[in-house]
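Residue numbers for the sequence shown follow the UniProt record's numbering, so the first one is 1 and each next one is one higher. Ideal placement from N, C-alpha and C gives every residue a C-beta, glycine not left out. The structure displayed is predicted, hence computed values, not measured ones.
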Amino acid sequence: MTVANGALVMAALKPIQDEIFKAARKSGAHERPEAYAADALMALCEKANKAVSDSAVGATKTKTRRPHAVINIRVDIDALKRGHTEHGEVCEIAGVGPIPVASATEYLGEAFLKLLVVDGVDIKTVAHMGRHIPAPLRTAVEERDRVCQVPTCDMSLGLEIDHILPFAEGGPASLGNLVRLCKRHHLQKTHDGFRLVRAMDGEGGAWEWRAPPSLRDTG
């Protein structure tokens, strides 16, 4: 399977996988992401088989449709204008791999295409002082933080975007002040006094997950 075709499969599975994950959390179940992915694949196959069966008998009932697949493509603006990449440039499907620049437009009729242009609009300059996160900024955060950013946590489903410096304290919606966390760690940071801080100054430092003073080992 090509990288591009693999991305289409993953994009089709993601909304189903997210629904299964949310339903499992509500029921108190906890499984590995691979288990939810397998369940999503089975659900997608069952849906396809049902669609074929309904078509064969001439069914006319209105069916509930899931959202179209979403594919995020990260590409250098010069490569986008030129039609192909050169040394040091990228054109890749986030989390999957590189594809030809010309292939990006092939998905416009099959999926909702999001282009994250690397050098066109500097995502770091996109900031908003309200709670709303602009679409280009949200896409950039989702591409950067593909798993929960708390060290040792590899959760990739149901991630939530959080302000590192809380909105109530004047924290802006900017790339440097936003991070994706799983629901458990998001709740701990919001309500239990946990903090996510850089081990060193600057955006390049590793994250540290710090417990509130009342929970630290003082022995």
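Residue i, buried or exposed, once every other Cβ within 10 Å from all chains shown has been counted against 16
| i | result |
| --- | --- |
| residue 139 | buried |
| residue 192 | exposed |
| residue 67 | Confidence at residue 67 is low in this model, with a pLDDT of 48, below 50, so the placement of that residue should be treated as unreliable; the coordinate-derived value is given next. With fewer than 16 other Cβ atoms within 10 Å, it is exposed. |
| residue 162 | buried |
| residue 186 | buried |
| residue 165 | exposed |
| residue 45 | exposed |
| residue 175 | buried |
| residue 215 | exposed |
| residue 39 | buried |
| residue 88 | exposed |
| residue 79 | buried |
| residue 11 | buried |
Residue i vs residue j beta-carbon contact at 7 Å
| i | j | result |
| --- | --- | --- |
| residue 92 | residue 100 | no |
| residue 184 | residue 159 | no |
| residue 74 | residue 96 | no |
| residue 178 | residue 147 | no |
| residue 133 | residue 173 | yes |
Close-in-space but distant-in-sequence residues of the same chain around residue i (CB under 7 Å, 5 per side omitted)
| i | result |
| --- | --- |
| residue 33 | 156, 157 |
Residue-level contact to chain B via CB, residue i, 7 Å cutoff
| i | result |
| --- | --- |
| residue 151 | In summary, chain B is missing from the structure at hand, where a single protein chain is found. |
Close-in-space but distant-in-sequence residues of the same chain around residue i (CB under 6 Å, 5 per side omitted)
| i | result |
| --- | --- |
| residue 205 | 198, 199 |
| residue 195 | 210 |
| residue 150 | 185, 209 |
| residue 154 | 147 |
| residue 212 | 193 |
| residue 86 | none |
Sequence-distant residues of the same chain with beta carbon closer than 8 Å to residue i, five excluded per side
| i | result |
| --- | --- |
| residue 41 | 13 |
| residue 102 | 83, 84 |
| residue 43 | 16, 20 |
| residue 189 | 162, 181, 195, 196 |
| residue 37 | 13, 17 |
| residue 145 | 159, 179, 180 |
| residue 224 | Because the chain in this structure spans residues 1 to 219, residue 224 falls outside the shown range and cannot be described. |
Contact belief for residue i with residue j at Cβ below 8 Å, rounded distance in angstroms
| i | j | result |
| --- | --- | --- |
| residue 23 | residue 31 | Not really, about 11 Å apart at Cβ, beyond 8 Å. |
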